Amino acid sequence: MTNIKQSLYDFTLKELSELVKPSFRAKQIYGWLYHQYAQSFEEMKNIPKNLKEELAEKYIVNPMKIVRKEESSDGTIKYLFELQDGKTVEAVWLKMKEDQFDEDGKLIQEAKYTICVSTQVGCKVGCAFCLTAKGGFTRDLTAGEIVAQVVNLKRDNEHKHNRKINIVYMGMGEPLDNLDNLAKAIEIFKEDDGLSISGKRQTVSTSGLSNKIDALGKMDLGVHIAISLHAVDDALRTELIPMNKAHNINSIIDAVKRFPIDTRKRVMFEYLVIKNKNDDLGSAKKLVKLLSGIKAKVNLIYFNPYPGSDYERPSYEDMHKFQEYLIKHGLLSTIRDSKGIDISAACGQLKEKTQEEMKQS
Ligand code: SAH
Ligand code: SF4
Numbered sequence: 000m001t002n003i004k005q006s007l008y009d010f011t012l013k014e015l016s017e018l019v020k021p022s023f024r025a026k027q028i029y030g031w032l033y034h035q036y037a038q039s040f041e042e043m044k045n046i047p048k049n050l051k052e053e054l055a056e057k058y059i060v061n062p063m064k065i066v067r068k069e070e071s072s073d074g075t076i077k078y079l080f081e082l083q084d085g086k087t088v089e090a091v092w093l094k095m096k097e098d099q100f101d102e103d104g105k106l107i108q109e110a111k112y113t114i115c116v117s118t119q120v121g122c123k124v125g126c127a128f129c130l131t132a133k134g135g136f137t138r139d140l141t142a143g144e145i146v147a148q149v150v151n152l153k154r155d156n157e158h159k160h161n162r163k164i165n166i167v168y169m170g171m172g173e174p175l176d177n178l179d180n181l182a183k184a185i186e187i188f189k190e191d192d193g194l195s196i197s198g199k200r201q202t203v204s205t206s207g208l209s210n211k212i213d214a215l216g217k218m219d220l221g222v223h224i225a226i227s228l229h230a231v232d233d234a235l236r237t238e239l240i241p242m243n244k245a246h247n248i249n250s251i252i253d254a255v256k257r258f259p260i261d262t263r264k265r266v267m268f269e270y271l272v273i274k275n276k277n278d279d280l281g282s283a284k285k286l287v288k289l290l291s292g293i294k295a296k297v298n299l300i301y302f303n304p305y306p307g308s309d310y311e312r313p314s315y316e317d318m319h320k321f322q323e324y325l326i327k328h329g330l331l332s333t334i335r336d337s338k339g340i341d342i343s344a345a346c347g348q349l350k351e352k353t354q355e356e357m358k359q360s
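Going by numbering that gives the first Met the number 0, the letters in the sequence shown line up with residues 0 to 360, in that order.
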């Protein structure tokens with residue numbers, strides 16, 4: 000077993016300033032971590048050798064390495080990382096908007112990207128449709144391991160530190176089940192001397208732990224939330240997400256109403272559309288009613304089948320009829336385009352593929 004060390008990405012600037020004296024050195028180290036994307040202590044040229052040696056005894060810079068990378072024709076890149084204990088997690092680089100040029104071919108706006116990060120190795124929630132759930136729960140990610148996913152992806156894509164990026168906590172794991180480390184990662188991302196990613200550029204997706212939605216709200220971090228609703232009645236929702244028994248639909252809706260939301264923004268509800276389960280217009284009607292008191296936006300997602308999955312992908316027609324119904328009844332709705340569908344897009348699928356291939360070789 001290798002010697003597992005805490006990562007420097009695990010520290011807020013204030014914490015690092017307490018650790019490293021004189022404290023201006025902490026700011027310099029922050030620059031190396033978040034502006035230069037340094038991978039090792041050796042690279043930190045203006046930091047005294049003895050300080051680097053002292054730090055290297057206890058800490059590591061980058062706590063993970065890229066072990067697999069799959070690129071899709073639409074610009075989506077899926078990464079598999081190996082952590083210090085050999086466990087693996089995924090993160091995804093998503094191209095949301097292409098470069099924009101004027102008539103003379105001059106670049107007027109650079110492409111926009113979003114990074115999807117994992118918060119746990121595996122997941123305890125155990126959703127019936129989710130591949131991550133199949134492997135059970137292994138452990139929480141540390142704040143440093145959450146932060147490092149973003150730094151590694153920006154570095155690998157040569158995305159400068161001051162270019163804007165959005166973060167969605169929609170990879171493997173249930174972010175609110177790892178609330179302390181999640182909150183710390185959010186704070187570290189927000190650091191002015193670091194990546195300076197504001198709360199409003201960060202979206203926490205949750206399967207609906209209503210008490211934790213309240214807890215996150217009280218922290219007042221300025222982040223958005225996305226609720227993985229997926230069903231409009233409790234019986235089906237409990238089949239899909241077993242913990243709906245303890246946190247039913249009403250309790251989630253109530254928690255959302257209490258959440259501090261930027262008044263210009265909408266709360267996103269994710270609705271995984273599954274053939275013959277929740278793709279009928281009766282469900283669409285109930286959804287409109289359920290969300291009537293909330294400034295909401297619904298993101299419809301095609302169920303993405305995998306070998307051995309119990310559910311099927313809905314038809315294009317049913318998906319669009321569902322969306323039309325919502326829009327006609329005043330509910331803003333988008334269909335998540337199939338980004339990276341050719342590279343096993345849904346969470347957990349790249350990891351699973353790698354494990355299968357390892358078994359075969
Ligand atoms: N645990 C959190 C965030 C991670 S799951 C949550 O559940 O919200 C990230 C997203 O992947 C969720 O919206 C989930 O519904 C979706 N997902 C999981 N399995 C999927 C599949 N087979 N096809 C399509 N989307 C899937
Ligand atoms: Fe966990 Fe989200 Fe997958 Fe459900 S959908 S098992 S909450 S990662």
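Idealized CB from N, CA, C, for every residue including glycine.
All values derive from a computational prediction rather than experimental measurement.
About 17 Å separates the beta carbon of V297 from that of F258, a gap too long to meet the 8 Å contact definition.
A37 is a Cβ neighbour of V60, given a cutoff of 9 Å. Under DSSP, F188 forms no beta bridge with any residue. Under the three-state reduction of DSSP, T118 is assigned to coil, being neither helix nor strand. The continuous beta strand (DSSP E) containing A90 extends over residues 87-96. DSSP places R236 in the uninterrupted alpha helix (DSSP H) bounded by 233-239.
Straight across, the Cα-Cα distance linking E14 with F40 is about 18 Å. Membership of N210 in the alpha helix (DSSP H) is indicated by the continuous run 209-218.
Within the model, the alpha-carbon separation for M171 versus F188 is close to 19 Å. When DSSP states are grouped into helix, strand and coil, Q35 belongs to the coil group.
Considering only E157, A230, E323, the residue with the shortest C-alpha distance to A110 is E157. Looking at the DSSP output, E81 shares a beta bridge with K64, T87. Listed in chain order, the non-local C-beta contacts of N210 below 8 Å within the same chain comprise H246, A254, local neighbours out to five positions each way being set aside. Bridge partners of K111 according to DSSP: K96. CA-CA distance, E52 to K4, rounds to 14 Å. Taking all protein chains in view, the Cβ of A234 is surrounded by fewer than 16 other Cβ atoms within 10 Å, so the residue is classified as exposed. Remark: three or more beta-carbon pairs, one from each stretch, lie closer than 8 Å, so the stretch 270-286 and the stretch 307-315 are flagged as touching. The ligand SAH never approaches H223 closely enough for any of its heavy atoms to be under 8 Å from the residue's Cβ. Bridge partners of S6 according to DSSP: I59. Not one heavy atom of the ligand SAH sits closer than 8 Å to the Cβ of N177. In this structure the stretch 225-241 lies against the stretch 285-292, because at least three pairs of beta carbons, one per stretch, are closer than 8 Å. Secondary structure at N275: coil, using DSSP grouped into helix, strand and coil.
By the Cβ rule, the stretch 289-296 does not count as touching the stretch 237-245, because fewer than three pairs are nearer than 8 Å.
Per the Cβ contact rule, the stretch 123-142 is not in contact with the stretch 63-80 (fewer than 3 Cβ pairs under 8 Å).
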